[in-house]
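Worksheet for the structure shown next.
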Amino acid sequence: MVEINYRVHVTPDRAFVKISSKASYLNCEPLRKFFEEQTKAGQKRYIIDFKECTSMDSTFLGILVSVALKIRSKQNGGSMVLLNLMGRNLETVCNLGIHQITEVSSEQIKDIEHLDELAQNATQSSVGSNTVYQAHKALMNLNDKNLKVFSDVVSYLEQKKEE
């Protein structure tokens, strides 16, 4: 049985994402595609609930950063709200500076009645190497501290791309 890590609900003015369990490069391809499709369709407001998220990796976080920066740069700027971050997840978001380009909140969303599952395709739930590269590059470019942390990873991935 395939674990569903992401559930979504889309309205004309926002897209709500609920994350369950771990959010990582191993399972975030459906979410990356969802963000890409919604952003192309004009969605500018994302609300992401981390209440049931046990951990997240840098690839997942880099995807969030890429989306947040893209929607902020749109005309009539968009926004990304990160709900219910706790413990290590909150610490990681703050340490990487992601809280500076998103809104971190503990607001409770009450009007979400139906969440659709983002199905995990057994052969295509993990992201490809280009997505890993782009995600880490987005994190690296977010601030000087991240430049030091992720530059070796990005350099390594660039070398792998050339081979």
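Read in numbering that gives the first Met the number 0, the sequence shown has 21 at position 22, and its numbers run on one by one without any break. Ideal placement from N, C-alpha and C gives every residue a C-beta, glycine not left out.
According to the Cβ coordinates, are residue i and residue j closer than 8 Å?
i: Lys-43; j: Ile-62; result: no
i: Asp-48; j: Asn-83; result: yes
i: Tyr-24; j: Val-16; result: no
i: Ile-108; j: Ile-18; result: no
i: Val-126; j: Cys-27; result: yes
i: Gly-96; j: Asn-129; result: no
For the candidate residues the options, whose alpha-carbon lies nearest to that of residue i?
i: Phe-149; options: Thr-101, Ala-14, Leu-60 and Ser-54; result: Leu-60
i: Val-66; options: Lys-21, Leu-30, Ile-108 and Lys-50; result: Leu-30
i: Met-79; options: Asp-143, Thr-10, Val-103 and Val-9; result: Val-103
i: Pro-33; options: Lys-144, Ser-20, Cys-93 and Arg-13; result: In the sequence as presented, Pro is not what sits at residue 33; that position holds Phe. Considering only alpha carbons, the answer is Arg-13.
i: Ser-54; options: Val-64, Val-92 and Thr-38; result: Val-92
i: His-8; options: His-113, Ser-20, Leu-95 and Leu-81; result: His-113
i: Gln-133; options: Glu-36, Ser-20 and Val-64; result: Val-64
i: Leu-68; options: Leu-138, Ile-3 and Thr-130; result: Leu-138
i: Ser-72; options: Asp-143, Leu-156 and Thr-38; result: Thr-38
Run through the DSSP bridge pairs and tell me what residue i is partnered with.
i: Tyr-5; result: Ile-18
i: Tyr-45; result: Ala-14 and Met-79
i: Ser-54; result: Lys-21
i: Glu-116; result: Arg-6
Run the CB neighbour count on residue i, radius 10 Å, all protein chains shown included, and call it buried at 16 or more, exposed below.
i: Thr-101; result: buried
i: Ala-40; result: exposed
i: Gly-77; result: buried
i: Thr-10; result: exposed
i: Met-225; result: Residue numbering for the chain in the displayed model covers 0 to 162; residue 225 lies beyond these limits and cannot be assessed.
i: Ala-121; result: Caution is warranted here: a pLDDT of 46 is assigned to Ala-121, below 50, making its placement in the model unreliable, and the coordinate value is therefore given only provisionally. Classification of Ala-121: exposed, given that the 10 Å Cβ count is below 16.
i: Lys-136; result: buried
i: Ser-57; result: buried
Contiguous alpha helix (DSSP H) assignments of at least 4 residues, all confined to the region 67-107: 86-94
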